[in-house]
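Asker: My structure is below; once you've seen it, I'll send some questions.
There are 2 protein chains.
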Amino acid sequence: MDLDSERRRLLARDARWAALSSQGQDVEGILAFWTDDAQVYPPGMPPVSGKPALRRYVEGALAIPGFHMTWTSSEAHLSPDGRLAYLLSTNGVTMPGPDGKPVTTRGRAVTVWRREPDGEWRCAIDMWNDEPAEP
Amino acid sequence: MDLDSERRRLLARDARWAALSSQGQDVEGILAFWTDDAQVYPPGMPPVSGKPALRRYVEGALAIPGFHMTWTSSEAHLSPDGRLAYLLSTNGVTMPGPDGKPVTTRGRAVTVWRREPDGEWRCAIDMWNDEPAEP
Chain A
186 MDLDSERRRL
196 LARDARWAAL
206 SSQGQDVEGI
216 LAFWTDDAQV
226 YPPGMPPVSG
236 KPALRRYVEG
246 ALAIPGFHMT
256 WTSSEAHLSP
266 DGRLAYLLST
276 NGVTMPGPDG
286 KPVTTRGRAV
296 TVWRREPDGE
306 WRCAIDMWND
316 EPAEP
Chain B
186 MDLDSERRRL
196 LARDARWAAL
206 SSQGQDVEGI
216 LAFWTDDAQV
226 YPPGMPPVSG
236 KPALRRYVEG
246 ALAIPGFHMT
256 WTSSEAHLSP
266 DGRLAYLLST
276 NGVTMPGPDG
286 KPVTTRGRAV
296 TVWRREPDGE
306 WRCAIDMWND
316 EPAEP
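In order, the protein sequence lines correspond to chains A and B. Numbering-wise, the first sequence is residues 186 to 320 according to the working numbering. Numbering-wise, the second sequence is residues 186 to 320 according to the working numbering.
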């Protein structure tokens, strides 16, 4: 197990996922990055668990006029056997505010990834919260 | 590596940490459950990184009159080599509200743990956000 190369591969995969999510077109492509049992915890909302619920969640977000999501992961930490990992990220979600003007909420996330039997990394847990308010 | 027994050991250790934190007396005892490079992400606040910053954070929280924190972890998932793990938890933080009456904020957390060279599990990442508001 070449952990350094596996770490780079995971970060590259996450960056492809971020690019696809930012484009906001390919729902099935976006869904393919999660494990079948993935759990996503949007702040202040019920957890979203499993592919059917995640599909509704992604479709709902992409249907919001002006919705845009981006993230960048800076660190990937892998178990020594290269089977489990976590990434630290910063993200931004843009949506129209009460006056219709776009508002971007910035946060930081931890995602947990499993390398599944087919050798591919998929995200099993996604938890984030808000950055401090701008001074 | 008996993963089932390691998983139970980790959950028991987390439960001891929660009990100690809930008692709110033993700052050094609470700190001992984090790795030296641990990163904690309180919602809407800057990340708290490393033991000196965590000591100030814990001391500051415990100095708030009426402060009380509890959590319960329901799931522990370990890498096959038993070196990295994540736990899913629900938590509650109680503090006096604007009128002085105690207010409890309920959330859910993901914590990431490493089994360090001495064989002990310690928490490296702690991220949580709020539950949905009560209807």
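Glycine is no exception: its CB is placed at the ideal position from the N, C-alpha and C atoms.
Output, in chain order, the set of chain A residues within a Cβ distance shorter than 8 Å of Val-295(B).
Answerer: Tyr-226, Val-295, Val-297, Ile-310 and Met-312, listed in chain order.
Asker: What residues in the segment 233 to 261 of chain A bring their beta carbon closer than 9 Å to a beta carbon of chain D?
Answerer: The structure shown contains no chain D; its protein chains are A and B.
Asker: For Thr-275(B), which option in Pro-283(B), Gly-285(B) and Glu-260(B) has the closest C-alpha, if you only look at C-alpha atoms?
Answerer: Measuring from the Cα of Thr-275(B), the nearest candidate turns out to be Glu-260(B).
Asker: At the 7 Å Cβ level, is Gly-277(A) part of the contact set with chain B, yes or no?
Answerer: Not an interface residue.
Asker: Terminal residues of the continuous beta strand (DSSP E) containing Asp-315(A)?
Answerer: 306 to 315 is the span of the beta strand (DSSP E), which, as asked, contains Asp-315(A).
Asker: Do Leu-188(B) and Leu-263(B) come within 7 Å of each other at the CB atom, strictly closer than that value?
Answerer: Yes.
Asker: Distance check for Ala-270(A) and Arg-299(A), CA to CA, integer angstroms please.
Answerer: Rounded to the nearest angstrom, the two C-alpha atoms are 7 Å apart.
Asker: Whole angstroms is fine: what's the gap from Ala-200(A)'s alpha carbon to Gln-208(B)'s?
Answerer: Ala-200(A) and Gln-208(B): Cα-Cα distance of roughly 43 Å.
Asker: Quick one: what does DSSP say Ala-197(A) is sitting in, helix, strand or coil?
Answerer: Of the three classes helix, strand and coil, the one that applies to Ala-197(A) here is helix, per DSSP.
Asker: What residues in the segment 207 to 231 of chain B bring their beta carbon closer than 7 Å to a beta carbon of chain A?
Answerer: Within the segment 207 to 231 of chain B, the residues whose Cβ lies closer than 7 Å to some Cβ of chain A are Tyr-226, Pro-228, Gly-229, Met-230 and Pro-231, listed in chain order.
Asker: Could you please give me the residues that DSSP links to Leu-263(B) through a beta bridge?
Answerer: Paired residue(s): Ala-270(B).
Asker: Can you tell me whether Asp-311(A) is buried or exposed? The criterion is at least 16 other CB atoms within 10 Å of its CB, across all chains shown.
Answerer: Buried, since its Cβ has 16 or more Cβ neighbours within 10 Å.
Asker: Against chain B, with Cβ distances strictly below 7 Å, would Asp-266(A) count as a contact?
Answerer: Taking Cβ atoms only, chain B reaches closer than 7 Å to Asp-266(A), which makes this a yes.
Asker: How long is the line joining the alpha carbons of Ala-197(B) and Thr-289(A), rounded to whole angstroms?
Answerer: Cα to Cα, the separation comes out at about 40 Å.
Asker: In the structure shown, what three-state DSSP assignment does Gln-210(A) receive?
Answerer: Three-state DSSP puts Gln-210(A) in coil, outside helix and strand.
Asker: Nearest-angstrom Cα distance between Phe-218(A) and Thr-296(A)?
Answerer: Going from the Cα of Phe-218(A) to the Cα of Thr-296(A) covers about 12 Å.
Asker: Looking at C-alpha atoms only, which residue of Trp-256(B), Arg-193(B), Leu-239(B) and Leu-195(B) is the closest neighbour of Leu-205(B)?
Answerer: The shortest Cα separation from Leu-205(B) among Trp-256(B), Arg-193(B), Leu-239(B) and Leu-195(B) belongs to Trp-256(B).
Asker: Buried or exposed: which applies to Arg-293(A), given that a residue is buried once 16 or more other Cβ atoms fall within 10 Å of its Cβ?
Answerer: The residue in question, Arg-293(A), is buried, as its Cβ has 16 or more Cβ neighbours within 10 Å.
Asker: If contacts are defined as beta-carbon pairs under 8 Å, then Val-243(A) and Val-212(A) qualify, I think. What distance do you get, rounded to the angstrom?
Answerer: That belief holds up - the Cβ atoms of Val-243(A) and Val-212(A) are roughly 5 Å apart, short of 8 Å.
Asker: For Gly-292(B), does the three-state DSSP call read helix, strand or coil?
Answerer: Note: Gly-292(B) maps to strand in three-state DSSP.
Asker: Taking all protein chains shown into account, decide if Ser-258(A) is buried (16 or more other Cβ within 10 angstroms of its Cβ) or exposed.
Answerer: Result: buried.
Asker: Counting only beta-carbon atoms, is Leu-195(B) nearer than 7 Å to chain A?
Answerer: For Leu-195(B), the answer is no, since every Cβ of chain A falls outside 7 Å of its Cβ.
Asker: On the premise that Arg-307(A) lies in contact with Glu-301(A), defined as a C-beta separation below 8 Å, what is that separation, rounded to the nearest angstrom?
Answerer: So it is a contact: roughly 6 Å between Cβ atoms.
Asker: Reducing DSSP to helix, strand and coil, say where Asp-222(A) ends up.
Answerer: The answer is strand: DSSP assigns Asp-222(A) an E or B state.
Asker: In chain B, what lies closer than 7 Å to Asp-315(A) by C-beta?
Answerer: Pro-228 and Gly-229, listed in chain order.
Asker: Check whether the Cβ atoms of Pro-265(B) and Arg-241(A) sit closer than 7 Å, and answer yes or no.
Answerer: No. Outside cutoff.
Asker: List the residues of chain B that Leu-269(A) touches, going by C-beta distances under 7 Å, in chain order.
Answerer: Residues of chain B passing the Cβ test: Ser-264 and Leu-269.
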